[in-house]
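This report concerns only the one structure given below.
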Amino acid sequence: MKNIKDSKMIKQFATSLIMFLSLAVSAQQEPQYTQYMYNPSQINPAYSGSMGYASVFGLYRTQWVGLDGAPKTANLSFHKPIENTKIGYGINLLNDRIGPSELTYFNADFSYTILFGDDSRLALGVKAGGELLNIDYTKLSQYNPGDVLYQNNLNRFSPNIGAGAYYYTDNAYIGLSVPMLLNTAFYDEVAVSTANRRQNFYLTAGKVYDLNYYIKFKPALVTKIVSGAPLQLDLTANFLINEKFTAGIAYRMSAALSGLIGFQITDQLFIGYGYDRETTRLSNFNSGSHELFLKFDLFNSHQKIETPRFF
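The opening position of the sequence shown corresponds to residue 30 in the working numbering, with each subsequent residue numbered one higher.
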């Protein structure tokens, strides 16, 4: 009886710890990628359709390389405006793995844009979808592999909604959003504890400056505010050379320093890479984080914007 009781207590602790780590790391990457400025729709549904044409974005991030069980994140999104209307829509898929746990998000976005006389625009958006949490206990190093308490994996689905506002011109933007308005709690059949995700408030902003005919400078930032957690701030500075090559740096406050490069392969296809190096003691246990993305814009000659917005 004592062994069974101990096994239950161990499972309760392991389940709570795994869910806490999964949610904590996921919150950090949701969607705090190093190159977040290329896919704002992940956190702000009002961005959907704002480019004036359809766009597909795919990203893969492997974090803290060399650290066993470190996060691996994949994101795929699509958004476009509805022709001859002020409405845009999009979809976002995100898969985040850490250790034995896996979180899969899927959302549909809708936006409505208000036009102003100075050619600036205000878009309002909503997001609806959910997330699926899976914990595979067989991936754990178990004291007793035959313990029946570890034979059934944990699977939980939670629906959610979000909202956002996005004001932009041809060379600047500012956005405010809450991707998940509902506080979600995951329960285990045995454990009495819960792991809760609190609302994340995002503030984003950026602007493109023409330094000369060949070089543009684009600073950007994203700030995340979560109740009970320190302020998270990402600052990015990118240079665009001859509308083909981008290079820049990024700083995540009290967390990481990053290098960014990108290349416009064709008028429609852009590829980007980012490398993060931790500025905390965690850097002693990993060789950094890598991030690769592809962005493919589907436009015709009448839709193409001659001056890239980069957002």
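Even for Gly, the Cβ is constructed at its ideal location relative to N, Cα and C.
Candidates the options, of which the one nearest residue i by Cα
i           : options               : result
residue 257 : 118, 228 and 142      : 228
residue 187 : 89, 297, 140 and 161  : 161
residue 245 : 83, 208 and 200       : 200
residue 77  : 96, 147, 93 and 110   : 110
residue 237 : 120, 328, 165 and 268 : 268
residue 326 : 230, 79, 155 and 140  : 79
residue 254 : 287, 208, 248 and 293 : 208
residue 113 : 142, 301, 230 and 137 : 142
residue 230 : 259, 140 and 83       : 259
Bridge partner(s) assigned by DSSP for residue i
i           : result
residue 160 : 134 and 187
residue 107 : 85 and 120
residue 91  : 101 and 319
residue 227 : Beta-bridge pairing links residue 227 to no other residue.
Nonlocal neighbours in the same chain, by C-beta distance under 8 Å from residue i, ignoring five residues either side
i           : result
residue 144 : 115 and 150
residue 312 : 306
residue 29  : This structure cannot speak to residue 29, because the chain is shown only from 30 to 340.
Cβ shell of residue i (< 6 Å), same chain only, five flanking positions each side left out
i           : result
residue 194 : 75, 153 and 205
residue 135 : 122 and 158
residue 23  : The question about residue 23 has no answer, for the chain in this structure spans 30 to 340.
residue 126 : 101
residue 99  : 92 and 93
residue 249 : 66, 235 and 265
Length of the line joining the Cα atoms of residue i and residue j
i           : j           : result
residue 185 : residue 309 : 33 Å
residue 66  : residue 203 : 11 Å
residue 18  : residue 81  : Look at the range of the chain in this structure, 30 to 340, and you will see that residue 18 is not part of it.
residue 232 : residue 251 : 6 Å
residue 72  : residue 242 : 33 Å
residue 97  : residue 314 : 10 Å
residue 303 : residue 316 : 14 Å
residue 318 : residue 290 : 14 Å
residue 198 : residue 88  : 26 Å
residue 37  : residue 182 : Caution applies to residue 37, whose pLDDT of 49 falls short of 50 and renders its modelled position unreliable; the value that the coordinates give is listed next. Taking the straight line joining both Cα atoms gives about 14 Å.
residue 58  : residue 124 : For residue 58, the predicted model reports a pLDDT of 41, less than 50, meaning its position is unreliable and no value from the coordinates is stated.
Cutoff 7 Å; reference residue i; Cβ partners in own chain excluding five residues on either side
i          : result
residue 33 : Note that residue 33 scores 46 on pLDDT, short of 50, meaning its location in the model is unreliable; the coordinates nonetheless yield the value given after this. If we look at residue 33 and ignore the five residues flanking it on each side, it has no Cβ neighbours.
Are at least three pairs of beta-carbons, each pair with one atom in the region 266-276 and one in the region 94-106, less than 8 Å apart?
no
Answer yes if the region 262-269 comes into contact with the region 280-289, meaning at least three C-beta pairs across the two stretches below 8 Å, and no otherwise.
yes
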